[in-house]
Amino acid sequence: MAIWPALVAIALSVGWASTPVVAALGGRFQLIGLVPDWAWLAAVGFCMVVAVMVSVPGRDPRRWRCLALTSLATVGPLIGTLQRDLGMPYRSVEGAGTLVFLNANDPGERRVDGVRDCDRVLARLIELDADVTVLVNPGWRVPSAWRRSAAVREGRLEVRWVGSVLVASRYEVRSMRVVETLRGLQIGAVKSPPQAVEIELEVPDGGSFPKRILVVDLPSEQGIDRMEMSRQVASRLEFIQPELILGDLNMAPRSPAVRLLAPGFDDAFRSSGRGWGGTWPRDAPFLRIDFALVSARFKPATVRTFDPGAGGHRGLVMEYSNEE
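Take the sequence shown: its position 282, counted from the start at 1, is 265 in our numbering, and no numbers get skipped.
Okay, here's the thing in structure tokens:
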């Protein structure tokens, strides 16, 4: 009986390892790419518990060998969880520049404890006091209220709103434009087609804070071929040379479509993540679908998530060291 937990654990470990290959087949196979590392680890961990319960009472050496095999099966999912889902404990970086990204989901008039969702989100963003804040789908209430804030009136903060993206920045926003080349993609029926906005900031020389940012918002429908969509989006954006790509990609970290979308860019959370990385849904974030993709030159010192208080997503807070 002790062999069965080991066999199931090994099968699960093989399934975990083959996820990118299977997801690359497209169609319904791509849905397996949404299964996070921690879910595979939980399944293999359950087999481990069963193996311990079966093996400990007996003295048969074969039971202990089965337990050892089950233990080995946990290694891959465990490493994946530590790399992609769970970062190191957070410690602030002294004097760092901060950048915040959030899919705000158009916070509205709903009141909780007498406070409107839009006011709650804006208060949280002001509390974070980032050098640059990038919002996707801000609605009209947050931009309107932010433009009336003291920081904007006194010239300490510039607020720009183009397309579905809002930027609030202490640095001058040199340019901000919708990337028109994404129009007309042949990806099937979606409620909101892929959109992108290019941002260029006037950032002082030195340090690693990005000057050119590309914000990408991809549709949430999982029925479309996301591999093909990523190929098309990447080909339409190849003329842009960003230093940072931000986006609600509606894809998981192990999805091969993420690599197709931004060749040469890395998932910032893998090297700089702090704490739990899940961003959706906000109240119980078991999936990480909001990304900061970075080039080698402009990697942040830390990346962590935050709860904006309303909406469907958690946001990202990135700290950039001022040292070269």
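Where is the CB? At the ideal position from N, CA and C, for every residue including glycine.
With a minimum length of 4 residues, the unbroken runs of alpha helix (DSSP H) contained wholly in the segment 31 to 99 fall at 44 to 56 and 58 to 67. For Thr2, the enclosing alpha helix (DSSP H) begins and ends at Ile(-14) to Ala6. Annotated as proximal: Val241 and Ser213, with beta-carbon spacing under 9 Å.
Take the alpha-carbon of Val37 and the one of Val27: they are about 15 Å apart.
Distance from the CA atom of Ile207 to the CA atom of Arg153, rounded to whole angstroms, is 39 Å. In the three-state DSSP reduction, Leu165 falls in the helix class (H, G or I). Contact between Asn86 and Asp231 holds, since their C-beta atoms are separated by about 4 Å, short of 8 Å. Under a 10 Å Cβ-count criterion, Val95 is classified as exposed, with fewer than 16 other Cβ atoms of the shown protein chains found around its own Cβ. Proximity of the segment 97 to 113 to the segment 53 to 67 falls short of the contact definition, fewer than three beta-carbon pairs being nearer than 8 Å. For Gln13, there is no enclosing alpha helix (DSSP H), as DSSP marks it with neither H nor E. Closest option to Arg195, judged by alpha-carbon separation, among Pro176, Gly247 and Ile228: Ile228. It is roughly 46 Å from the alpha-carbon of Ser(-4) to the alpha-carbon of Asp102.
In the DSSP annotation of this structure, the continuous segment of the alpha helix (DSSP H) that includes Arg214 starts and ends at Arg209 to Leu220. Taking the Cα positions, Trp259 is about 13 Å away from Val300. Only residues of its own chain outside the window of five on either side were considered, and among them Leu118, Pro121 and Pro126 have a CB closer than 6 Å to the CB of Leu149, listed in chain order. Note that the C-beta distance between Val186 and Val198 is not below 9 Å. Apart from the 5 residues on each side of it in sequence, Ile(-14) sits with its Cβ closer than 7 Å to the Cβ of Cys49 in its chain, given in chain order. Here Glu221 is exposed, its C-beta having fewer than 16 other C-beta atoms within 10 Å. When only Cα atoms are considered, Ala113 and Leu8 end up about 41 Å apart. Secondary structure note for Leu299: its beta strand (DSSP E) is the uninterrupted segment Gly298 to Tyr303. For Val162 and Asn233, the gap between their C-alpha atoms comes out near 20 Å.
Listed in chain order, the non-local C-beta contacts of Trp21 below 6 Å within the same chain comprise Thr64 and Asp68, local neighbours out to five positions each way being set aside. The closest CA to that of Ala134, considering only Trp123, Gly59, Leu105 and Ser147, is found on Leu105. Around the CB of Glu226, 16 or more other CB atoms lie within 10 Å, so the residue is classed as buried. Residue state for Phe248 is assigned as coil, using DSSP reduced to three classes. With fewer than 16 other beta carbons inside 10 angstroms of its own, Phe269 counts as exposed.
Bridge partners of Leu227 according to DSSP: Ile196 and Val277. Pairing Ser238 with Gly16 gives a Cβ-Cβ distance under 9 Å. For Arg287, the enclosing beta strand (DSSP E) starts and ends at Thr285 to Phe289. Boundaries for Val186: no alpha helix (DSSP H) harbours it, and the DSSP string shows neither H nor E there. With a 10 Å radius around the Cβ and a threshold of 16 neighbouring Cβ atoms, Arg11 comes out exposed.
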